[in-house]
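**Q** Mind looking over this structure? Questions follow.
In this note's numbering, the protein residues as written are 325 to 568.
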């Protein structure tokens, strides 16, 4: 019983700690992804900020590109910091996104995040940012989270076992005291019951008691003593079973 209780406590502790670990690592992943998206939105600021106020760290950490579609239908690349995508490819991507229902999204084939907006003069601006670093960082974070999670679960398992042992100690001590009491009481009861049974049998077999009512009383004493002896033996067997 104590062992089963200890296992149940360890399982409950493992479940709680594992849930907390998943929530913490999941929150870190979501926060990192939202931070990358925020930086992309900052790079897509419309209208573009002045050159002296522009946060150059955004460009350094997240290469961007821009394609302009003028009212005459001509595409032109105004800037391209994404080294693995040529100007021609940027124009083709912008053309494929011209009729897109959403004004922003992802181009998975090129690891790009895009946003398009229309100026007051009818010019359509397509802004792109490189998500390769973002995806690579998030993949690394997932890998490290898995490694950390496995190590933390192993640590949690050891901690759960130690905590379950510590938590069950009072119950185990109470159970041991109860088992010892049952064993001692059973042993203490066996001796007087044996004496009562032996003396009753001797009186019945000797024929010293001739009165019928007294003989019936002796028979009742022997019957109840045997019943008490059987109960005592059952208690001893129960105590031996608990000790195992």
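We treat Cβ as the ideally placed atom computed from N, Cα and C, and that holds for glycine. These figures come from a predicted structure and were not determined experimentally.
1. Whole angstroms is fine: what's the gap from residue 450's alpha carbon to residue 396's?
2. Would you list the one or two residues that DSSP bridges to residue 452?
3. Is it right to say residue 370 is buried, meaning 16 or more other beta carbons lie within 10 angstroms of its own, or is it exposed?
4. Would you call the stretch 519 to 535 and the stretch 488 to 498 in contact, with 3 or more CB pairs under 8 angstroms?
5. When we look at the beta-carbon of residue 502 and count the other beta-carbons within 10 Å, is it buried (16 or more) or exposed?
6. So for residue 446, helix, strand or coil by DSSP?
7. By how many angstroms is the C-alpha of residue 427 removed from the C-alpha of residue 343?
8. At a threshold of 6 angstroms, does residue 500 count as lining the ligand FAD (C-beta to nearest heavy atom)?
9. For the stretch 451 to 468 and the stretch 329 to 346, state whether three or more C-beta atom pairs, one from each stretch, are separated by less than 8 angstroms.
10. Which residue marks the beginning of the alpha helix (DSSP H) containing residue 398, and which one marks its end?
11. Along the chain, where does the beta strand (DSSP E) containing residue 431 start, and where does it finish?
12. Indicate whether the contact test is met: 3 or more Cβ pairs, each with one atom in the stretch 431 to 446 and one in the stretch 405 to 418, closer than 8 angstroms.
13. Just to confirm the assignment, what range does the alpha helix (DSSP H) spanning residue 284 have?
14. Does the beta-carbon distance from residue 513 to residue 565 come in below 7 angstroms?
**A** Taking the structure as given:
1. 16 angstroms
2. 389, 438
3. Reliability of the predicted coordinates at residue 370 is poor, the pLDDT of 48 falling under 50, and no value is obtained from them.
4. no
5. exposed
6. coil
7. 37 angstroms
8. No copy of the ligand FAD occurs in the structure displayed, which carries no ligand at all.
9. no
10. Where residue 398 is concerned, there is no enclosing alpha helix (DSSP H), given that its DSSP letter is neither H nor E.
11. 428 to 431
12. yes
13. Residue 284 is absent from the model: the chain starts at 325 and stops at 568.
14. no
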